[in-house]
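**Student:** Sending over a structure as structure tokens; questions will come in a sec.
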Amino acid sequence: MEALYFRAFLWYNVCLRGYKMKKFRFETIHLIMMGLILFGLLALCVSIMQSKILILLAIFLVLLFVVALLWYQKEAYQLSDLAHIELLNEQTEDNLKTLLDNMPVGVVQFDQETNAVEWYNPYAELIFTTEEGFIQNSLIQQIITEKRREDISQTFEVSGNKYTSYIDVSSGIFYFFDSFVGNRQLADASMLRPVVGIISVDNYDDITDDLSDADTSKINSFVANFIDEFMESKRIFYRRVNMDRYYFFTDFKTLNDLMDNKFSVLEEFRKEAQDAQRPLTLSIGISFGEENHSQIGQVALENLNIALVRGGDQIVIRENADHTNPIYFGGGSVSTVKRSRTRTRAMMTAISDRIKMVDNVFIVGHRKLDMDALGSAVGMQFFAGNIIENSFAVYNPDEMSPDIERAIERLQADGKTRLISVSQAMGLVTPRSLLVMVDHSKISLTLSKEFYEQFQNVIVVDHHRRDDDFPDNAILTFIESGASSAAELVTELIQFQNAKKRLNKIQASVLMAGIMLDTKNFSTRVTSRTFDVASYLRSKGSDSVEIQNISATDFEEYKQINEIILQGERLGDSIIVAAGEKNHLYSNVIASKAADTILSMAHVEASFVLVETASHKIAISARSRSKINVQRVMEKLGGGGHFNLAACQLTDISLPQAKHLLLKTINMTMKETGEVES
522 MEALYFRAFL WYNVCLRGYK MKKFRFETIH LIMMGLILFG LLALCVSIMQ SKILILLAIF
582 LVLLFVVALL WYQKEAYQLS DLAHIELLNE QTEDNLKTLL DNMPVGVVQF DQETNAVEWY
642 NPYAELIFTT EEGFIQNSLI QQIITEKRRE DISQTFEVSG NKYTSYIDVS SGIFYFFDSF
702 VGNRQLADAS MLRPVVGIIS VDNYDDITDD LSDADTSKIN SFVANFIDEF MESKRIFYRR
762 VNMDRYYFFT DFKTLNDLMD NKFSVLEEFR KEAQDAQRPL TLSIGISFGE ENHSQIGQVA
822 LENLNIALVR GGDQIVIREN ADHTNPIYFG GGSVSTVKRS RTRTRAMMTA ISDRIKMVDN
882 VFIVGHRKLD MDALGSAVGM QFFAGNIIEN SFAVYNPDEM SPDIERAIER LQADGKTRLI
942 SVSQAMGLVT PRSLLVMVDH SKISLTLSKE FYEQFQNVIV VDHHRRDDDF PDNAILTFIE
1002 SGASSAAELV TELIQFQNAK KRLNKIQASV LMAGIMLDTK NFSTRVTSRT FDVASYLRSK
1062 GSDSVEIQNI SATDFEEYKQ INEIILQGER LGDSIIVAAG EKNHLYSNVI ASKAADTILS
1122 MAHVEASFVL VETASHKIAI SARSRSKINV QRVMEKLGGG GHFNLAACQL TDISLPQAKH
1182 LLLKTINMTM KETGEVES
């Protein structure tokens, strides 16, 4: 009997617990326990009751109890689910109300027919409440009306602050948030864009070729230690792939900090290398963008190649996106990348193979030919003529200085060089023609833009630093900024070609005249390779008397040069700026010769000459010795060139305005490099 009461007590507690929890369900063990309890009760009734009616009544009551219990359990569970759902709804409403009350987003509910305001959250109330404490319902209604007539996403302004809005017309809900907050978040995200960079040690192979293993090891340690310290200080991940090449990976925020600091790492490395008596510099190509890390790396490699082509000791940065312009840092020293004879021989083979595949070849220099452009065009025509019959050097008879006229007359009289005018060349171009651009790589400077556009394939042979206005259809590029002139590069190609046909006297003289022009009679930008080329041309009959006759200065030209020099003014201690007479027209050759003459004077580090040309453009010629990078100045004005020889042309501007712009650009450039001139 005690066991029976104990089981009944357990059953009562289970039922009570199920009632309190409201989610009690009978498990198998519960059913077994209930069965045992009921069996015990029935057994008790059978043992103490003699009447069958009473026994049946007891069985009926037990069954009724079981049915009632099961029915109650079912109803209680349904009520529990409803209560739970109501609780969740209450919690959701409370959370949503809290969110709408506290988040910095305005929410306004409006009538979909009249646009009348029906409800707004506290943030919207804060924005649209006047200083007197009145909510501007009419203003809200006006904004909603205007925005419903425009695009879905629009902005509006309240009390001088801009907000970005969104209208859900179907629900009658108007959302808005502070535009500054959204833009700031976007700006923060842009700082996380991936950056890939490639570092190259300039001239590493040339420097270490003649060194012992011990000295080479010291150079490797010097470079590795410097780069490791720099990367650690900026928390940049990097890896060395060769003794002279490193890859690094970072984000745009770090890159932006480096750009703000003008990439002082270049100057620091150069200075430490000089202190260690090691002629080393760095060239770096960097790119950044969204996703597609492989493409970012490819652009970084292209930027490194541009840095090397421009002379090394500089950084080129360009975003991995269409129509973006590169950013340049460094280049504060004369070209440091040395040329390799192996590369010249390889380029000779590549250019020869390409020429064999075309119908004809046309060689053009830049507009307003000088002796280097003409000489390299003549040399390249000779080179191509050794491979195919139809090769032509093209000139523009409407844009020729006196020395170019004399040279072309001598070449035409000689009859060995195939010279044609640009108008004649236009009628000879076929779909399989090849254009070779010499002494320039800018499309805007080519002999004829209309003629250039006739070609699908272009080869560039130049000694100027490459910039943005570069041909997209260039299939081969032979740019060596360390060369003295384009004529020097072309002569080396002819040397390595080693054809049976030889240069004649006038061809060799024109090539030599081009070298002498750009080296100022072998006084600047001269290397041992320059003298090797000059010796080769001399062996082919180059005549100094012929060169003198071609390059001689006319008396009137000499007078104009001196007129310009007399107009010169000092800028600081070592820069001379000279402008031609107002309303007086000069040739580009006059400007360049005047700049050369000024630079030859004592205590002059740089010279700038401005003149108005026959085409009513302002031509600027810039020259320097070894301290001032005139290329930077000219690039800022849309031109280009070398570290110590550059030029540009300005349109739609008067001579005084151009002079003012030039002075401003010079001062700005000097401040950027820390060499302020006043």
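Every letter in the sequence shown is one number past the one before it in the working numbering, and letter 460, counting from 1, is 981. Each residue gets a CB set at the ideal place from its N, CA and C atoms; glycine is no exception.
1. Between the segment 1039-1051 and the segment 1005-1016, are three or more C-beta pairs nearer than 8 Å?
2. Verify whether the separation of the beta carbon atoms of Tyr1205 and Ser680 is less than 8 Å.
3. For Thr998, I'd like the list of residues in its chain whose CB is within less than 7 Å of its CB, leaving aside the five on either flank, ordered along the chain.
4. May I ask you to list the residues that DSSP assigns as paired with Thr1074?
5. Sort out for me which residues DSSP pairs Met958 with in a bridge.
6. Return the CA-CA distance between Ile807 and Ile719, expressed in angstroms with no decimal places.
7. Contact check, Lys1157 vs Thr1118 under 8 Å by CB: the rounded distance?
8. Should Tyr891 be labelled buried (16 or more other beta-carbon atoms within 10 Å of its own) or exposed?
9. Does the contact criterion of 3 or more C-beta pairs under 8 Å hold for the segment 935-949 versus the segment 1060-1077?
10. Identify the continuous beta strand (DSSP E) that holds Leu803 and give its terminal residues.
11. In whole angstroms, what separates the C-alpha of Ala1099 from that of Asp989?
12. Have a look at Asp924 and Asn746 and give me their C-alpha separation to the nearest angstrom.
13. For the segment 1123-1171, list the beta strand (DSSP E) runs that are entirely contained and at least 3 residues long, ordered along the chain.
14. Using only the alpha-carbon positions, how far apart do Ala1020 and Asp1039 sit?
15. Measure the C-alpha to C-alpha separation of Gly852 and Arg931 and round it to an integer number of angstroms.
16. Let me know if Ile1071 comes out buried or exposed under the rule of 16 or more other beta-carbons within 10 Å of its beta-carbon.
17. Decide yes or no for the touch test of the segment 731-742 against the segment 836-850: beta carbon pairs closer than 8 Å, at least 3 of them.
18. If you draw a straight line from the alpha carbon of Thr635 to that of Ser691, how long is it in whole angstroms?
19. Beta-carbon within less than 7 Å of Leu968's beta-carbon, same chain only, minus the 5 sequence neighbours each way: which residues are those?
20. Can you name the start and end residues of the alpha helix (DSSP H) that Phe790 belongs to?
21. Can you give me the C-alpha to C-alpha distance between Ser733 and Met1122, rounded to a whole angstrom?
22. Going by CA-CA distance only, name the one from Asn1042, Ile1027, Ser1002 and Val1054 that's closest to Ile1015.
23. Between Val959, Ile908 and Gly1089, which lies nearest to Ala1203 when the distance is taken from Cα to Cα?
24. Under a three-way DSSP split, which group does Lys1185 fall into?
25. Take Met901 as the anchor and find which of Leu559, Met958, Ile964 and Asn682 has the nearest alpha-carbon.
26. According to DSSP, what are the bridge partners of Ile720?
27. Would Ser815 pass as a contact of Gln835 if the rule is Cβ separation under 8 Å?
28. For Lys1114, collect the residues of the same chain with a Cβ closer than 8 Å to its Cβ; drop the 5 residues on either side in sequence, then sort them by chain order.
29. Would you say Lys1026 and Gly1062 are within 8 Å of each other, going by their C-beta atoms?
30. On the three-state DSSP scale, how would you describe Gln835?
31. For Ala1100, which of helix, strand or coil comes out of DSSP?
32. Pull up the CB-CB distance for Phe809 and Glu840, whole angstroms please, since I reckon it's below 8 Å.
33. On the three-state DSSP scale, how would you describe Arg528?
34. Going by CA-CA distance only, name the one from Leu956, Ile929, Ala928 and Phe972 that's closest to Gly948.
35. Per DSSP, what are the beta-bridge partners of Thr650 in this structure?
36. By how many angstroms is the C-alpha of Glu652 removed from the C-alpha of Ser754?
**Tutor:** Quick look at the numbers:
1. yes
2. Because the chain here runs from 522 to 1199, residue 1205 falls outside it and cannot be looked at.
3. Val981
4. For Thr1074, which the question treats as bridged, DSSP gives no partner whatsoever.
5. Val885 and Val981
6. 6 Å
7. With 8 Å as the limit, Lys1157 and Thr1118 do not qualify as a contact, their Cβ atoms being about 25 Å apart.
8. Reading off the sequence, residue 891 comes out as Asp, not Tyr. The residue is buried, with at least 16 neighbouring Cβ atoms inside 10 Å.
9. no
10. Leu803 to Phe809
11. 28 Å
12. 54 Å
13. 1127-1133, 1139-1145 and 1166-1171
14. 27 Å
15. 40 Å
16. buried
17. no
18. 14 Å
19. Val885, Gly886, His887, Arg888, Val915, Asn917 and Val943
20. Val786 to Asp796
21. 44 Å
22. Val1054
23. For residue 1203 there is no data in the structure shown, the boundaries of the chain being 522 and 1199.
24. helix
25. Met958
26. Tyr767 and Ile805
27. no
28. Thr1074, Glu1078 and Ile1082
29. yes
30. strand
31. strand
32. 6 Å
33. Because the pLDDT at Arg528 is just 38, under 50, the model does not fix this residue reliably, and the point stays unresolved.
34. Phe972
35. Ile656
36. 52 Å
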